[in-house]
Amino acid sequence: MQGEKIGEESGKVTSQRILPNPDGGPKMETSFQASSTLLGTKATNRGTYWSIIRPSGTLYGEGQGIVMGEKGDLATWIGQGVGTMKKDGGVSYRGAVYYQTSSAKWSRLNSVAAIFEYEVDAQGNSRSQSWEWK
330 MQGEKIGEES GKVTSQRILP NPDGGPKMET SFQASSTLLG TKATNRGTYW SIIRPSGTLY
390 GEGQGIVMGE KGDLATWIGQ GVGTMKKDGG VSYRGAVYYQ TSSAKWSRLN SVAAIFEYEV
450 DAQGNSRSQS WEWK
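All residue numbers for the sequence shown refer to our numbering, where the first residue is 330 and numbers rise by one.
And the structure:
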């Protein structure tokens, strides 16, 4: 069940490249940087994820990143999601993220599964929101 909203962000894709995929369809790696708020703290999120187009035309991806709070808090994350391509060239993902941190302020994230909505438009602008999964 969706719980408390724990974060939101807006950002920009910073790079993309095509990766070899011995299993078949196209595999693309995307890196981004975003201004975010995590548990009420302003932060910067930098991450990289890869995604593949599945036979159904949907996307599957996995990623990792680092969130740096404005006062030095630090958390890393890993995540997985599924997505769809929009008619306007954007992409929409839904998935889950798991955090790891030694920050006292963000320590509760160590035991939280966060569900997210992540949208990227055709120009590479991204928006995301995340909630605690209860």
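All residues carry an ideal CB built from backbone N, CA and C; glycine is no exception. Quick caveat: nothing in here was measured; it's all calculated off a predicted structure.
Asked                                                                                                     : Found
Whole beta strand (DSSP E) elements within the stretch 385-445, 3-residue minimum                         : 388-398, 403-414, 420-430
Validate contact between the stretch 362-369 and the stretch 378-387 using beta carbons, cut 8 Å, 3 pairs : no
Per-residue burial, A433 [other beta carbons within 10 Å of its own, 16 or more giving buried]            : exposed
Candidates Y447, S421, W462, of which the one nearest S339 by Cα                                          : Y447
7 Å CB neighbourhood of N454 in its chain, flanking five on each side removed                             : K341
Beta strand (DSSP E) segment containing R375, residue limits                                              : 370-382
Closest residue to S360 among P351, E391, G353, D352 (Cα-Cα distance)                                     : E391
M330 in three-state terms, based on DSSP                                                                  : coil
A443 versus D402: straight-line alpha-carbon distance, rounded                                            : 18 Å
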